[in-house]
Ligand code: SF4
Ligand code: SF4
Ligand code: SF4
Ligand code: SF4
Ligand code: SF4
């Protein structure tokens with residue numbers, strides 16, 4: 040089901056033949072996107088990490104930067120080649136741009152007679168930024184699709200997300216270098232880009248003795264228009280390049296650092312709500328919320344009401360929240376999930392279980408971020424496997 | 397008009413004045429504030445003092461002397477709403493370091509004429525002595541949060557002061573985690589947000605100056621601090637720096653010191 044976002048649909052563009060672009064010519068693609076009114080955001084090296092930020096030029100991409108990942112550990116490493124997209128599980132995801140951490144919803148003013156006027160946000164008070172998301176890996180492309188489902192695919196169209204999403208131009212890049220904690224292959228979101236991947240441009244970055252070359256195909260009419268721009272020095276791909284890209288994806292699939300057995304996980308979680316595994320995880324969990332905040336599909340927000348000193352002007356904002364916040368489950372009289380155990384269980388059962396009931400898929404796309412950026416390195420693939428073991432055991436046991 | 401303005405008072409107990417300075421530092425918001433409230437008592441800003449009762453009292457500092465106890469009772473009696481501001485007022489402050497030690501010995505080591513020092517053996521939060529309507533954390537408090545609290549009380553609403561971890565603010569600000577990416581010890585996962593992740597934004601670990609977050613799991617942080625190279629006695633010191641009297645940090649210090 041395609042949400043009505045105006046976002047790229049799966050129908051391939053008229054001219055879907057892949058084209059080749061030399062890495063040195065990436066600036067030309069930046070220029071074409073900028074000229075057409077997009078603000079390019081993409082990966083860049085900062086503070087010992089590959090972060091996502093507004094990029095002024097292609098020179099800011101993280102050439103030759105790789106990562107070494109462990110549960111609760113992230114380090115940059117220098118690569119032998121100059122690949123710009125051979126990193127994974129950075130500290131941010133693209134939701135930073137499509138589902139911003141804080142947004143104003145409306146303002147209210149009271150005049151001298153006491154009459155109150157409400158002013159909702161409009162294109163004038165909050166112009167929609169037009170981002171070109173440059174270098175979206177397959178897991179993250181799937182994460183955007185899952186947020187589409189949540190934020191625009193139901194009865195409610197999110198007023199902040201929807202226009203940003205419609206405006207965004209998505210340059211997806213297949214993964215040639217999965218990280219130690221990636222498991223997109225086992226949840227079916229990567230590491231390759233399918234021919235109908237919902238993006239505007241699909242890129243394979245191939246680094247070999249001939250340097251770094253990019254194989255680009257249009258996946259949307261907008262993408263085709265960009266590729267047809269005469270300012271882009273595209274050429275007919277080297278005959279072997281397509282094959283190299285395929286091999287790279289196949290090899291990447293074999294090198295996944297983690298695996299999540301997705302089959303039947305929803306039922307496993309539903310059956311193990313009282314398992315002692317939860318108590319054990321809770322003893323290690325800081326309830327710091329990092330896992331939800333880095334997860335590219337987590338969408339929860341809370342509202343924030345502000346007034347100015349006169350009391351005549353009020354604003355409603357919303358900001359990212361997390362089910363690890365005690366206040367998150369506050370209902371009249373107190374919080375429902377007071378224990379760390381109940382909060383960790385909420386995160387994992389929502390992500391891998393009840394998301395299916397709500398949105399028809401898992402909430403996990405296998406990016407590995409929650410494992411990397413959990414300060415104490417709690418690994419959901421490990422915990423899910425333990426719970427599966429428990430579910431199996433209770434099935435076999437006497438009833 | 398001015399007769400109906402709420403009356404604000406700002407009080408100092410044992411403290412460094414940093415939190416009061418935060419209020420003075422509100423610059424462009426100070427004049428509008430002075431329009432909305434009558435600043436009846438604020439020695440740091442003006443020698444003009446007006447008698448109680450007060451609608452809102454902001455109290456900085458901890459209870460460290462016998463006269464402090466008398467004075468805070470009097471202020472409480474004169475104040476409709478009493479809000480404590482800063483680590484001293486909410487958790488004893490740096491001066492609560494003495495609570496876990498031999499006070500007489502400390503006094504004789506620190507002061508040339510210890511007999512002149514008429515202080516209590518402990519430094520304790522205001523809320524241990526009188527009922528407090530709201531506690532605002534931080535060493536010093538955060539300017540935005542201070543204005544939010546004052547504004548909220550003027551409007552008669554609940555202040556929006558979240559009690560989740562500093563990690564929330566790192567992630568919202570897009571600050572790369574110093575623990576995960578650099579191996580820098582950080583108290584952020586057990587510390588209450590409010591500063592806007594100030595220290596991690598400058599590549600430093602959080603020192604815990606906003607005190608414990610709601611329901612912190614300090615026991616789970618201990619192995620991580622050790623792995624990041626903090627010796628157990630230093631873990632205890634970390635927890636005892638600004639908020640030594642906050643129960644969750646006091647227990648964590650105790651546990652690490654064991
Ligand atoms: S649950 Fe973890 S691995 Fe899965 S999408 Fe979220 S951050 Fe990535
Ligand atoms: S896991 Fe928690 S924060 Fe994430 S979407 Fe679900 S309830 Fe929200
Ligand atoms: S699982 Fe890790 S990141 Fe998530 S709340 Fe617990 S300690 Fe924090
Ligand atoms: S730097 Fe500290 S406060 Fe920030 S996310 Fe990491 S552990 Fe949490
Ligand atoms: S990061 Fe921690 S120590 Fe630094 S200002 Fe914030 S609460 Fe205080």
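Protein chains in written order, with our numbering: chain A, 40 to 438; chain B, 397 to 654. We put the CB at the ideal spot given by N, CA and C, even for glycine. Note that the coordinates shown come from a computational prediction; the quantities given were computed from them, not determined experimentally.
Alpha carbon to alpha carbon, how far is residue 422/B from residue 679/B? Give it in angstroms, no decimals.
-> Because chain B in this structure spans residues 397 to 654, residue 679/B falls outside the shown range and cannot be described.
Measuring alpha carbon to alpha carbon, tell me which of 418/B, 427/B, 643/B ends up nearest residue 347/A.
-> Here residue 347/A corresponds to residue number 308 of the first chain, with the count starting at 1. With distances taken between Cα atoms, residue 347/A lies closest to 427/B.
Bridge partner(s) assigned by DSSP for residue 247/A = Position 208 of the first chain holds residue 247/A. Answer by DSSP bridge pairing, in chain order: 250/A.
What residues sit near ligand 6, counting only those whose C-beta is closer than 7 angstroms to one of its heavy atoms, in chain order?
-> Ligands displayed in this structure: ligand 1, ligand 2, ligand 3, ligand 4 and ligand 5; ligand 6 is not among them.
Hey, is residue 564/B's beta-carbon within less than 7 angstroms of any beta-carbon in chain A?
-> For the purposes of this step, residue 564/B is taken as residue 168 along the second chain, with counting starting at 1. It does: the Cβ of residue 564/B has a partner Cβ on chain A nearer than 7 angstroms.
Residue 591/B: which of 404/B, 542/B, 642/B sits nearest, CA to CA?
-> Residue mapping note: residue 591/B aligns to position 195 of the second chain, counting from 1. If we check each option's Cα against that of residue 591/B, 542/B comes out closest.
Segments assigned beta strand (DSSP E), at least 3 residues, entirely inside the region 316-393 of chain A | 340-346, 352-359
Indicate the three-state DSSP secondary structure (helix, strand or coil) for residue 398/A in the structure shown.
-> The residue you call residue 398/A lines up with position 359 of the first chain. The answer is helix: DSSP assigns residue 398/A an H, G or I state.
Rounded straight-line distance, which links the Cα of residue 441/B to that of residue 552/B = The residue given as residue 552/B occupies position 156 in the second chain. The residue given as residue 441/B occupies position 45 in the second chain. Going from the Cα of residue 552/B to the Cα of residue 441/B covers about 25 angstroms.
Quick one, are the C-beta atoms of residue 603/B and residue 328/A less than 7 angstroms apart?
-> Locating residue 603/B in the second chain gives position 207, where the first residue counts as 1. Locating residue 328/A in the first chain gives position 289, where the first residue counts as 1. No, the Cβ-Cβ distance between residue 603/B and residue 328/A is not below 7 angstroms.
Could you check if residue 398/B is buried or exposed, using at least 16 other CB atoms within 10 Å of its CB as the buried criterion?
-> To locate residue 398/B, count along the second chain from 1; it is residue 2. For residue 398/B, the predicted structure reports a pLDDT of 44, less than 50, and the residue's modelled location is therefore unreliable. A value from the coordinates is still provided. Classification for residue 398/B: exposed.
Tell me whether residue 386/A counts as near ligand 2, meaning its Cβ is closer than 6 angstroms to at least one heavy atom of that ligand.
-> Numbered from its first residue, the first chain carries residue 386/A at position 347. Within the cutoff, so yes.
Are there three or more Cβ pairs, one per stretch, closer than 8 angstroms when the region 215-222 of chain A is compared with the region 401-420 of chain A?
-> yes
Pick helix, strand or coil for residue 40/A, following the three-state DSSP scheme.
-> Along the first chain, one-based indexing puts residue 40/A at 1. Because residue 40/A sits at a pLDDT of 38, beneath the cut-off of 50, its placement in the model cannot be relied upon, and the point is left open.
List, in order along the chain, the chain B residues whose C-beta lies closer than 9 angstroms to that of residue 146/A?
-> Locating residue 146/A in the first chain gives position 107, where the first residue counts as 1. Going along chain B, no residue has its Cβ under 9 angstroms from residue 146/A, so there is no contact; the nearest lies around 15 angstroms.
Give a yes or no on whether 7 angstroms exceeds the smallest Cβ distance from residue 325/A to chain B.
-> As a working mapping, residue 325/A is identified with position 286 in the first chain. By this cut-off, residue 325/A is an interface position.
Taking the CB atoms as reference points, tell me whether residue 364/A and residue 578/B lie closer together than 7 angstroms.
-> Sequence index remark: in the first chain, residue 364/A carries index 325 (1-based). Sequence index remark: in the second chain, residue 578/B carries index 182 (1-based). Result no, Cβ atoms of residue 364/A and residue 578/B do not sit closer than 7 angstroms.
Between residue 134/A and ligand 2, is the CB less than 6 angstroms from at least one heavy atom?
-> Residue 134/A sits at position 95 when you count from the first residue of the first chain. Checking the Cβ of residue 134/A against ligand 2 gives no.
Starting from residue 209/A, find everything on chain B with Cβ-Cβ shorter than 9 angstroms and list it in chain order.
-> Here the question's residue 209/A lines up with position 170 in the first chain. Correct list: empty, because the minimum Cβ distance to chain B is about 20 angstroms.
Along chain A, which residues have their Cβ under 8 angstroms away from the Cβ of residue 599/B?
-> For the purposes of this step, residue 599/B is taken as the residue at position 203 of the second chain. Ordered by position in chain A, the residues that pass the 8 angstroms Cβ test against residue 599/B are 86.
Would residue 371/A be called buried (16 or more neighbouring beta carbons within 10 Å of its own) or exposed?
-> Position 332 of the first chain, counting from 1, holds the residue named residue 371/A. That one is exposed.
With 7 angstroms set as the bound, which would you pick, yes or no: does the beta-carbon of residue 386/A sit closer than that to a beta-carbon of chain B?
-> One-based indexing of the first chain puts residue 386/A at position 347. For residue 386/A, the answer is no, since every Cβ of chain B falls outside 7 angstroms of its Cβ.
Are any of the Cβ atoms in chain A nearer than 7 angstroms to that of residue 578/B?
-> Residue numbering aside, residue 578/B sits at position 182 when the second chain is read from its first letter. Yes, residue 578/B counts as interfacial toward chain A.
So which residues on chain E does residue 358/A lean against when the C-beta distance must stay under 8 angstroms?
-> No chain E is present in this structure, whose protein chains are A and B.
In the structure shown, what three-state DSSP assignment does residue 235/A receive?
-> Sequence index remark: in the first chain, residue 235/A carries index 196 (1-based). In the structure shown, residue 235/A sits in coil (DSSP, three-state: anything other than H, G, I, E or B).
At a Cβ threshold of 7 angstroms, is residue 453/B touching chain A?
-> The sequence position of residue 453/B within the second chain is 57, counting from 1. For residue 453/B, the answer is no, since every Cβ of chain A falls outside 7 angstroms of its Cβ.
Check whether the region 118-128 of chain A touches the region 143-150 of chain A, taking contact to mean three or more Cβ pairs, one atom from each stretch, closer than 8 angstroms.
-> no
Contact list for residue 547/B against chain A, beta-carbon separation under 9 angstroms = One-based indexing of the second chain puts residue 547/B at position 151. Under the 9 angstroms cutoff, chain A gives 345, 346, 347, 348, 350.
When you compare only the Cα positions, how much space is there between residue 593/B and residue 615/B?
-> As a position in the second chain, residue 593/B is number 197, starting the count at 1. As a position in the second chain, residue 615/B is number 219, starting the count at 1. If you take the alpha carbons of residue 593/B and residue 615/B, they lie about 22 angstroms apart.
Whole-number beta carbon distance between residue 167/A and residue 202/A, since they are thought to touch under 8 angstroms = Here residue 202/A corresponds to residue number 163 of the first chain, with the count starting at 1. Here residue 167/A corresponds to residue number 128 of the first chain, with the count starting at 1. Yes, residue 202/A and residue 167/A are in contact; Cβ-Cβ is about 4 angstroms, under 8 angstroms.
Would you mind sorting residue 547/B into buried or exposed? The rule is 16 or more other CB atoms within 10 Å of its CB.
-> Position 151 of the second chain, counting from 1, holds the residue named residue 547/B. When all chains shown are included, residue 547/B counts as buried.
Please go through the same chain and pick out, in chain order, the residues whose beta-carbon is closer than 8 angstroms to the beta-carbon of residue 245/A, but skip the five residues on each side of it.
-> Along the first chain, one-based indexing puts residue 245/A at 206. Correct list, in chain order: 215, 251, 252, 253, 254, 280, 283, 284, 287.
How about residue 375/B: is its C-beta nearer than 7 angstroms to some C-beta of chain A?
-> Summary: the structure shown does not reach residue 375/B, with chain B confined to residues 397 through 654, and so no result is reported for it.
Could you please give me the residues that DSSP links to residue 212/A through a beta bridge?
-> By one-based count along the first chain, residue 212/A stands at place 173. 242/A.
Endpoints, the alpha helix (DSSP H) within which residue 157/A is located | Here the question's residue 157/A lines up with position 118 in the first chain. Unbroken run through residue 157/A is the beta strand (DSSP E), 155-159; no alpha helix (DSSP H).
Tell me whether residue 274/A is buried or exposed, calling it buried when 16 or more other Cβ atoms sit within 10 Å of its Cβ.
-> Walking along the first chain from the start, residue 274/A turns up at place 235. Exposed: under 16 other Cβ atoms inside 10 Å.
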